[in-house]
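For reference, the structure is listed below as structure tokens.
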Amino acid sequence: MSAIWLTRLNADVAYLPWTDFKGRDNHLLRDETIFDEQRGNGGRGVQVEGVLSYFVTRNFSVGVGGRYWAMGTNRRSNSLCSGCGEPTVLAKYSMERWGTFFPISSIEKTHQNRS
Numbered sequence: 186m187s188a189i190w191l192t193r194l195n196a197d198v199a200y201l202p203w204t205d206f207k208g209r210d211n212h213l214l215r216d217e218t219i220f221d222e223q224r225g226n227g228g229r230g231v232q233v234e235g236v237l238s239y240f241v242t243r244n245f246s247v248g249v250g251g252r253y254w255a256m257g258t259n260r261r262s263n264s265l266c267s268g269c270g271e272p273t274v275l276a277k278y279s280m281e282r283w284g285t286f287f288p289i290s291s292i293e294k295t296h297q298n299r300s
């Protein structure tokens, strides 16, 4: 007798030992357009993902999953404002993103004849 699992839980974690960032902050609604160039590196990050799947049949599954990303730079990152007359300042940048997704998976089994 063999057991058939109807659900499966997968999880992945990734550590990011190095991050690099380049961005631009636009102030387009001001009288004079100002662009604030931002750049940083040497930071760290993490990515975490989990999926709960339900097997409708042996070869077809549906599921729900979640993903979280967090990355940041060190405190020695810089911000250079063009058009505002200020000197370069040191800053720390960080980013977090999360979301839900709904995977659908189909596995095609092929049978080979052995001679």
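So for the sequence shown, the working numbering puts the first residue at 186; every next one is plus one. Glycine included, C-beta positions come from ideal geometry on N, C-alpha and C. Predicted model, so just to flag it, every value in this text is computed and none were measured.
In or out: residue i buried (at least 16 other Cβ within 10 Å) or exposed?
i, result
"Ser279", "exposed"
"Gly228", "buried"
"Ser238", "buried"
Can you round the beta-carbon distance between residue i and residue j to whole angstroms, since I take them to be within the 8 Å contact cut?
i, j, result
"Lys277", "Thr295", "That pair is no contact at about 52 Å."
"Ser291", "Phe240", "Going by Cβ atoms, the distance from Ser291 to Phe240 rounds to 11 Å, so no, they are not a contact pair."
When the distance is taken between beta carbons, is residue j closer than 7 Å to residue i?
i, j, result
"Trp254", "Arg224", "no"
"Asn195", "Val236", "yes"
"Gly230", "Leu201", "yes"
"Gly284", "Arg252", "yes"
"Thr204", "Met256", "yes"
Can you check which of these residues, the options, is closest to residue i by C-alpha distance?
i, options, result
"Ser262", "Arg193, Gly250, Asn226", "Asn226"
"Phe286", "Arg260, Val241, Val247", "Val247"
"Thr273", "Arg215, Asp221, Gly284", "Asp221"
"Arg260", "Asp197, Phe206, Arg193", "Phe206"
"Trp190", "His212, Thr204, Thr242", "Thr242"
Taking DSSP's pairing of strands, which residues face residue i in a bridge?
i, result
"Trp283", "Tyr253"
"Tyr200", "Val231"
"Asn226", "Asp205"
"Arg193", "Ser238"
"Ile289", "Val247"
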